[in-house]
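Structure first, then comments.
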Amino acid sequence: MSLFLAKRLITLIATLAGTSLVVFLVLEVLPGNAAQVLMGPDASPDAVAALAQKLGLDRPAIERYWEWLRGMLHGDLGLSYAYSTPVGELVLERLSLTVPLALMAMSFTTVLAFAAGLYAAARHNKPGDAGIMALTQIGIAIPNFWFAILLILLFSVHLGWFSAGGFPGWEEGIVEGLRALLLPALSLAVVQSAILARIMRSSVLEVLREDFVRTARAKGVSQRRALWGHVLRNALIPVITVMGLQFSELLAGTIVVESVFYLPGLGRLIFQSIANRDLIVVRNCVMLLAAMVVLVNFVVDVLYAVIDPRVKAADL
Amino acid sequence: MRRALRHPSFAIGLALSLLVLFAAALSFVWTPHDPYEIDMALKLKPPDARYWLGTDAFGRDVASLLLVGARASIAVGVIAVGIGLVIGTALGLLASAKRGWVEEAIMRLSDFGFAFPAILSAIMLTAVFGPGMVNAIIAIGIYNIPTFARITRASANAVWAREFVLAARACGKGGFAITMEHVLPNILSVLIVQATIRFAIAILAEAALSYLGLGTQPPQPSWGRMLSEAQTLLFQAPLLGVFPGVAIAIAVLGLNLLGDGLRDLFDPRLARKR
């Protein structure tokens, strides 16, 4: 196990280093002078040079890259050009919305997908199964931001149960905060769960055909007990893998859905920073999101090997 | 072909995909009204006999905008999937033919590519170059490369293990010749199915990027941007927020069903198992 883990850890560190290099090259080296980007094309060369010096942009790129890496390891992400506040604070403040939203969406996804997938598998080739499968096909085809708009149309415009967007802040109480995140999380979950429900169904069906299930049934175990006691646990392996893979989709979806509901999360911060030409904030946010995707993939890899030791053996 | 048309997923998928293609092709020669003509006197008209799906905030005909908008979705989808297909397949074939450290390097690189979902690449490109359709195409294309590389490698490795490849080797054929004559033709069906499904994902991604203002730019109509414009008017004209979404869903559903159908038809054993 330790050799497998060591190999995976080295890959993780190399991937993170490569990611940071790509992000730095695209957002710092490619635009040429970040001070010029910040001040716009009409700024005078003197003003640009003065700002570049003030922000330390006149130093060699390799030096700035090294400083950024060192800063990240110490939790110091530098100062935002536009807000003049530490980037770390800005990001943390926004994460207090984005992380709960993503977690809420993931829990809804799991509940919806498990229920639909198990129901369909238990009624294999019956009308209930066909109905759920048709619904999931439609669910996969619907863009999450459009589903969000439809939810606003129904629950805000017609029924008036929820506000069409905005976030009151956690100071207003947890219930109010969660209420504001309910529709956004639901719009993310419905689309994601459509994909996961299909995986769940086919995985359960696959395990149901295994010999040990037939043996259990032959020993007199009821269908229900076989399903809960033997099938579910084994069927979860591919489901967990797909859930890990879905995480990057979920993050991307969170950024889009935050825009639909005008939620002040990480996605909104990125778009405001693009509009403000605040490249240092964009750089750190993109790095954070990419790092999250890489880390989750790492955890899934390891989890997968823990659940199914054959993976580990094949990889060594 | 008759067997194919009797397959429900394939038949419905083909019909829906052709419908979207036809809409895009038709928009080059005919639209009910000029999609670019702004007439504020006609703004936000509900659907009627003259304006089938009503008009938007600038008095433009929604039906015409939808027809022309199909072009952006298809163009971005075709080019982005093309980029992924060509580069990804080449890398996958190379990995499979060379094995050893080349394979390892290509596979690690493609793992690395997964760290950048299309939206992150698009954000970076937009921050540097400003928003535009080309950024969207590049961003979606880049994200497609690792997918095709992995699928190609996995399928190609299976072909390389077959007896007829061994026979070709024994006849003195080189790696490149075997790849082109034996490996590629045998994995073509897998690639076609995957390209169809990735096309659907690319249409979704283009719509999301255009919705965020990172993709297709005005005045070029696009379904994603129509939705973002409609969102500010949900209380006055709710239907504006419905039609472009239906168009996206039809295109994506069609391609997904087509992909599923093709997979079943290419590999009937899989269809029976499901």
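First to last, the protein sequences are chains A and B. Position one of the first sequence corresponds to residue 1 (the numbering used here), numbered consecutively onward. Position one of the second sequence corresponds to residue 1001 (the numbering used here), numbered consecutively onward. Built from N, CA and C at the ideal position, the CB exists for glycine as well.
Counted within 10 angstroms of its Cβ, other Cβ atoms place residue 1176 of chain B as buried (16 or more) or exposed: As a working note, residue 1176 of chain B is residue 176 in the second sequence. Exposed, because fewer than 16 other Cβ atoms sit within 10 Å of the Cβ of residue 1176 of chain B.
Q) Given that a residue counts as buried once 16 or more other Cβ atoms are within 10 Å of its Cβ, and exposed if not, what is residue 1226 of chain B? A) In the second sequence, the residue the question calls residue 1226 of chain B occupies position 226. Buried, by the Cβ-count rule.
- Taking 8 angstroms as the CB-CB cut-off, is residue 153 of chain A touching chain B? The residue labelled residue 153 of chain A in the question sits at position 153 within the first sequence. Cβ-Cβ to chain B under 8 angstroms: yes for residue 153 of chain A.
- Query: So which of B:1193, B:1151, B:1179 and B:1266 has the shortest CA-CA distance to residue 1164 of chain B?
  - Reply: Numbered from 1 along the second sequence, position 164 holds the residue referred to as residue 1164 of chain B. When only C-alpha atoms are compared, the closest one is B:1179.
| For residue 1031 of chain B, the three-state DSSP class (helix, strand or coil) | For the purposes of this step, residue 1031 of chain B is identified with residue 31 of the second sequence, where counting begins at 1. Three-state DSSP puts residue 1031 of chain B in coil, outside helix and strand.
**Message:** Please tell me whether residue 259 of chain A has its Cβ less than 8 angstroms away from any Cβ of chain B.
**Reply:** The residue labelled residue 259 of chain A in the question sits at position 259 within the first sequence. With 8 angstroms as the cut-off, residue 259 of chain A counts as an interface residue toward chain B.
**Item:** As assigned by DSSP and simplified to three states, the class of residue 79 of chain A
**Value:** Indexing the first sequence from 1 puts residue 79 of chain A at position 79. Residue 79 of chain A falls in the strand class under three-state DSSP.
Q) Using the beta-carbon of each residue, which ones in chain B are nearer than 7 angstroms to residue 157 of chain A? A) Within the first sequence, numbered from 1, the residue matching residue 157 of chain A stands at position 157. By Cβ distance, chain B contributes 1234, 1235 and 1238.
**Prompt:** Going by the CB atoms, is the gap between residue 1052 of chain B and residue 1041 of chain B shorter than 8 angstroms?
**Reply:** Against the second sequence, residue 1041 of chain B aligns to sequence position 41. Against the second sequence, residue 1052 of chain B aligns to sequence position 52. No, the pair does not count as a contact, with Cβ atoms beyond the cut-off.
**Asked** Residues of chain B with a CB under 9 angstroms from the CB of residue 293 of chain A: which are they?
**Response** Within the first sequence, the letter at position 293 stands for residue 293 of chain A. Under the 9 angstroms cutoff, chain B gives 1114, 1115, 1116, 1117 and 1120.
Continuous alpha helix (DSSP H) stretch holding residue 161 of chain A: start and end: As a working mapping, residue 161 of chain A is identified with position 161 in the first sequence. Here residue 161 of chain A belongs to no alpha helix (DSSP H), and DSSP marks it neither H nor E.
| task | For residue 1128 of chain B, go through chain A and note every residue whose CB falls closer than 7 angstroms to its CB, in chain order. | result | For the purposes of this step, residue 1128 of chain B is taken as residue 128 along the second sequence, with counting starting at 1. By Cβ distance, chain A contributes 26, 27, 30 and 31.
>> Contact between the stretch 177-193 of chain A and the stretch 93-111 of chain A is defined here as three or more beta-carbon pairs at a separation below 8 angstroms; is this criterion met?
In response: yes
Cut-off 7 angstroms between Cβ atoms - residues of its own chain near residue 35 of chain A, not counting five sequence neighbours on either side | Sequence index remark: in the first sequence, residue 35 of chain A carries index 35 (1-based). The residues are 48, 51, 52, 55 and 57.
- Task: With a threshold of 7 angstroms, establish whether the CB of residue 1109 of chain B neighbours any heavy atom of the ligand SAH.
- Result: The ligand SAH is absent from the structure shown, which contains no ligand whatsoever.
*Are any of the Cβ atoms in chain A nearer than 8 angstroms to that of residue 1144 of chain B?*
Taking the second sequence and counting its residues from 1, the one referred to as residue 1144 of chain B is at position 144. With 8 angstroms as the cut-off, residue 1144 of chain B does not count as an interface residue toward chain A.
Worksheet item: Who does residue 60 of chain A pair with in a DSSP beta bridge?
Response: Counting from one through the first sequence, the residue named residue 60 of chain A turns up at place 60. DSSP output for residue 60 of chain A lists no bridge partner at all.
Fill in: Chain-ordered chain B contacts of residue 138 of chain A [CB-CB under 9 angstroms]
Against the first sequence, residue 138 of chain A aligns to sequence position 138. Chain B residues near residue 138 of chain A: 1249 and 1253.
Cβ of residue 1274 of chain B less than 8 angstroms from any chain A Cβ?
Position 274 of the second sequence, counting from 1, holds the residue named residue 1274 of chain B. For residue 1274 of chain B, the predicted model reports a pLDDT of 48, less than 50, meaning its position is unreliable; a value from the coordinates is still stated below. Cβ-Cβ to chain A under 8 angstroms: yes for residue 1274 of chain B.
_For residue 1022 of chain B and residue 234 of chain A, I'd like the C-alpha separation in whole angstroms._
Taking the first residue of the second sequence as 1, we reach residue 1022 of chain B at position 22. Taking the first residue of the first sequence as 1, we reach residue 234 of chain A at position 234. C-alpha separation (whole angstroms): 46 angstroms.
Inset, instruction - Using alpha carbons as the reference points, say which of B:1049, B:1199, B:1080 and B:1156 lies closest to residue 1184 of chain B. - result: Numbered from its first residue, the second sequence carries residue 1184 of chain B at position 184. With distances taken between Cα atoms, residue 1184 of chain B lies closest to B:1156.
Discussion item. Could you check whether residue 244 of chain A and residue 282 of chain A sit closer than 8 angstroms to each other, using their CB atoms as the reference points?
Written reply: Here residue 282 of chain A refers to the residue found at position 282 when the first sequence is read from its first residue. Here residue 244 of chain A refers to the residue found at position 244 when the first sequence is read from its first residue. In this structure, residue 244 of chain A does not lie closer than 8 angstroms to residue 282 of chain A by Cβ.
- Query: Helix, strand or coil: which one does DSSP assign to residue 1055 of chain B?
  - Reply: Taking the second sequence and counting its residues from 1, the one referred to as residue 1055 of chain B is at position 55. Of the three classes helix, strand and coil, the one that applies to residue 1055 of chain B here is strand, per DSSP.
**Asked** Among residues of its own chain, excluding the 5 on either side of residue 1131 of chain B, which ones have a beta-carbon nearer than 7 angstroms to its beta-carbon?
**Response** Here residue 1131 of chain B is taken as the residue at index 131 of the second sequence, counted from 1. Within the same chain, residue 1131 of chain B has close Cβ partners 1213, 1214 and 1217.
Could you tell me the distance, in whole angstroms, from the CA atom of residue 316 of chain A to the CA atom of residue 4 of chain A?
As a first step, residue 316 of chain A must be located in the first sequence, where it is residue number 316. As a first step, residue 4 of chain A must be located in the first sequence, where it is residue number 4. Because the pLDDT at residue 316 of chain A is just 47, under 50, the model does not fix this residue reliably, and the point stays unresolved.
Compute the Euclidean distance between the alpha carbons of residue 1209 of chain B and residue 1228 of chain B, then round it to the nearest angstrom.
On the second sequence, residue 1209 of chain B is found 209 positions in, with the first residue counted as 1. On the second sequence, residue 1228 of chain B is found 228 positions in, with the first residue counted as 1. Whole-angstrom Cα-Cα distance: 11 angstroms.
Per-residue DSSP class, three states only, for residue 238 of chain A: What you label residue 238 of chain A is simply residue 238 of the first sequence in a count that begins at 1. In this structure, residue 238 of chain A counts as helix in the three-state DSSP scheme.
- State yes or no: is the beta carbon of residue 1256 of chain B nearer than 8 angstroms to at least one beta carbon in chain A? To locate residue 1256 of chain B, count along the second sequence from 1; it is residue 256. Answer yes: the Cβ-Cβ gap between residue 1256 of chain B and chain A drops below 8 angstroms somewhere.
Worksheet item: To the nearest angstrom, how far is it from the Cα of residue 275 of chain A to the Cα of residue 1002 of chain B?
Response: In the first sequence, residue 275 of chain A corresponds to position 275, counting from 1. In the second sequence, residue 1002 of chain B corresponds to position 2, counting from 1. Their Cα atoms are separated by approximately 54 angstroms.
Residue range of the alpha helix (DSSP H) that includes residue 126 of chain A: Position 126 of the first sequence, counting from 1, holds the residue named residue 126 of chain A. Careful: residue 126 of chain A lies outside any alpha helix (DSSP H) and carries neither H nor E.
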